[in-house]
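Structure, as structure tokens:
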Amino acid sequence: MNPENLQVKIKAENLDFYYGANRALKNVTIECFDKKVTAIIGPSGCGKSTFIRTLNRMNDVIPGTRLEGKILIDGADIHAPDVDVVDLRRRVGMVFQKPNPFPKSIFDNIAYGLRINGMKNKRKIEEVVERSLRGAALWEEVKDRLNDNAFSLSGGQQQRLCIARALAVEPEVILFDEPCSAIDPIATAKVEDLIEHLKTRYTVVIVTHNMQQAARVSDYTAFMMLGELVEFDRTEKIFTNPANKLTEDYITGRFG
Amino acid sequence: MRKTRWTNVRESAIRAFFFTCGILTVLVLLGIFATLVATAVPAFRDITPSEFLLKTNWDPTSPEKAEYGILSMVVSTLMVTGGALLLAVPIGIGVASYLSDVAHWRVREILKPVVEILAGIPSVVVGFLGIVLFGPLIAKVFHTGHGLNAANGSVLLAIMALPTIISISEDALSAVPAAYGEASLALGASRWQTLVRVKLPAGLSGIIAATMLGMGRAIGETMTVLMATGNARSFPHGFLESVRTMTSGIAIELGEVPYYTTHYYALFAIGLVLFVMTFAVNMAADVVLRKYQEKER
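Heads up: the protein sequence lines correspond to chains A and B, in order. Quick note, the first sequence lines up with residues 0 to 255 if you use numbering that gives the first Met the number 0. Quick note, the second sequence lines up with residues 0 to 296 if you use numbering that gives the first Met the number 0.
Given below as structure tokens:
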């Protein structure tokens, strides 16, 4: 499934994932292309969040979980023994469902990722903070109050702050786990614009409950159900002429 | 259903009962404070407050000139307590971090109750440990004649303050939203960086409150320090000297003092000073905790 001969950034091969005895992903094989937006849709509990969290190994922190199969990023297995998970997460950034800024100032939230990587030069940090905030279309709104606590921002602003925070460490891939489910429609529109913009530089994978959102922002869409990948294709194809009956039923709103 | 007069009476009786229960604790506190003040004040007919607080010599039974300076005891108390915190706070935060962040949940299920049982060890048993275990050990390591000194008291008080510090710090760290940790890890921070730069700062007010409550526990402890610190009345110049804290000073002398003498009143005055000190520590802990809870909302 690679009609345009795009470069594959992420490849999952026969991926199984277990929470204890519960099998949350079943033999998922999928490719996400470089500098494209891939949306993952599906009803609640279909494993889409589980899937996206395997891509930066965030599931590692949950006790009692197990993964089988392979995930390759740029062809390299991210579970290989010599892979530093800290370094992996630096390359694969993540924006969560609920905005989760640190209880620090706006500035320090962005600078955090730089400082943990050992950047000490104040000028350079300021520079990256500004660039990241501009990249997340938040600079104009916060430039006069960088020292305010991040919690003083609105929910939508907080989510863009989290995006800016992810941008600051210059990842190659950005994962969005239902980034708009906790913010209002206007803020959602801003985040969607942003994602549109981000794909010029990053590979984006977005999990969403909102089918219109998937149709609007993504180039490719994967439909998952009960832990299985049902269909994966170009977004237009999925939404206009799905090959699978289940996909059609889901996107036309017959269930889900 | 109509209310009868009997229901009304019963209602108000029950209400009065619970009101009394509630108000009783306040009354007890006020009663203690009032007794303390009333018994302490007569001491200052013969002693000036500045002499009492700033002089280092305590010798109420001297045949020539009775002296009532409590500074040595105050300094001893602060030394022993401060030393205890110096030991207990880093260890306590370390254990709390381990329990909340590193330990397998099964280990945590076992360790947390164990820590809380530690809080239930009678102080006289801890004091006993000081005499037979830590005392000889300190004497051996530092080549002092005996090990009954401020350092010994600090070690024991640290053991006694640890459960409080661990337990409350662990609660504070566990209350830090998991989302902070996830955000930090997702940015490529190591677990250590996440703990030190995100979780500990986020739980800081809880940890400070834990420290202050531990301090409150240590500062008022009597039996342990009485047994382990040697009770010398001189002004302490180091942790390897025997010291007499305010609490042990009261405990030693109150049994033998003639009633209603200046000496007797002066012992209550020491108690009053101690009360004010612990009260201040507890108030500070309360203020910090309240600030913490406000921030959480």
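All C-beta atoms in this analysis are idealised placements derived from N, C-alpha and C, irrespective of residue type, glycine included. Computed from a predicted model, the values in this text were never measured in an experiment.
Query, Result
"Within-8 Å CB hit, D265(A) to chain B", "In this structure chain A extends from 0 to 255, so residue 265(A) is not present and cannot be described."
"Three-state secondary structure (DSSP) of E227(A)", "strand"
"Integer-rounded CB distance, given that G46(A) should sit under 8 Å from A23(A)", "5 Å"
"Neighbour list for Y201(A) in chain B, Cβ cutoff strictly below 9 Å", "Within chain B, no residue comes near Y201(A); the closest Cβ sits about 15 Å away, beyond 9 Å."
"Listed by chain order, chain A residues near Y179(B) by CB distance under 7 Å", "N99, F101"
"Among K25(A), Y17(A), I51(A), N21(A), the one whose alpha carbon lies nearest that of C31(A)", "I51(A)"
"Chain B contact for V168(A) (CB, 8 Å cutoff)", "yes"
"Any 3 or more C-beta pairs closer than 8 Å across the segment 160-170 of chain B and the segment 201-221 of chain B", "yes"
"Amino acids of chain B, ordered along the chain, whose beta-carbon sits closer than 8 Å to that of V290(A)", "No information on residue 290(A) is available, as it lies outside the stretch 0 to 255 that chain A covers here."
"Residues near L71(A) by beta carbon distance below 6 Å, same chain, minus five either side", "K10"
"Cut-off 7 Å between Cβ atoms - residues of its own chain near L87(A), not counting five sequence neighbours on either side", "N55, R56, I77"
"Buried or exposed (CB count within 10 angstroms, at least 16 for buried), E295(B)", "Its pLDDT being 48, under 50, E295(B) is placed unreliably in this model, and the value from its coordinates should be taken loosely. Exposed: under 16 other Cβ atoms inside 10 Å."
"Residue-level contact to chain B via CB, G112(A), 8 Å cutoff", "yes"
"Cβ separation of A188(B) and I115(A), assumed to be a contact under 8 Å, to the nearest whole Å", "5 Å"
"Helix, strand or coil at L197(A) according to DSSP, with G and I counted as helix", "helix"
"Opening and closing residue of the beta strand (DSSP E) in which A256(A) lies", "A query on residue 256(A) cannot be resolved here, the shown segment of chain A reaching from 0 to 255 and no further."
"Span of the alpha helix (DSSP H) around A149(A)", "From DSSP, A149(A) is part of no alpha helix (DSSP H); its letter is neither H nor E."
"Distance CB(A163(A))-CB(I109(A)) smaller than 8 Å", "yes"
"heavy atom of the ligand GDP below 7 Å from G213(B) C-beta", "Of ligands this structure carries none, so the ligand GDP is not represented either."
"Where the alpha helix (DSSP H) through L245(A) begins and ends", "244-250"
"Proximal chain B residues relative to F175(A), where beta-carbon distance stays under 8 Å", "Within chain B, no residue comes near F175(A); the closest Cβ sits about 12 Å away, beyond 8 Å."
"Beta-carbon neighbours of V197(B), restricted to chain A and to distances below 7 Å", "F101"
"For F150(A) and F101(A), the rounded distance between their alpha carbons", "8 Å"
"Buried/exposed call for V25(B), threshold 16 Cβ in 10 Å", "exposed"
"Assigned secondary structure, E295(B) (DSSP; H/G/I helix, E/B strand, else coil)", "For E295(B), the predicted model reports a pLDDT of 48, less than 50, meaning its position is unreliable; a value from the coordinates is still stated below. Helix."
"I22(B) versus L29(B): straight-line alpha-carbon distance, rounded", "11 Å"
"With 16 other Cβ atoms within 10 Å as the buried cut-off, status of R122(A)", "exposed"
"D218(A) - DSSP class collapsed to helix/strand/coil", "coil"
"8 Å Cβ cutoff, L239(B) in contact with chain A", "no"
"Spatial distance of V332(B) from A265(B) (CA atoms)", "Shown here, chain B extends from 0 to 296; a query on residue 332(B) therefore has no answer."
"Neighbour flag for P184(B) against chain A, beta carbons, 8 Å", "In the sequence as presented, Pro is not what sits at residue 184(B); that position holds Leu. L184(B) counts as touching chain A."
"Supposed contact pair G215(B) and V280(B) - C-beta distance, whole angstroms, cut 8 Å", "5 Å"
"Rounded straight-line distance, which links the Cα of V168(A) to that of T53(A)", "20 Å"
"Secondary structure of K236(A), DSSP reduced to three states", "helix"
"Residue environment, R253(A), which counts as buried when at least 16 other CB atoms sit within 10 Å", "exposed"
"Cα-Cα separation between S298(B) and A83(B), rounded to whole angstroms", "As shown, chain B starts at 0 and ends at 296. That puts residue 298(B) outside it, with no answer to give."
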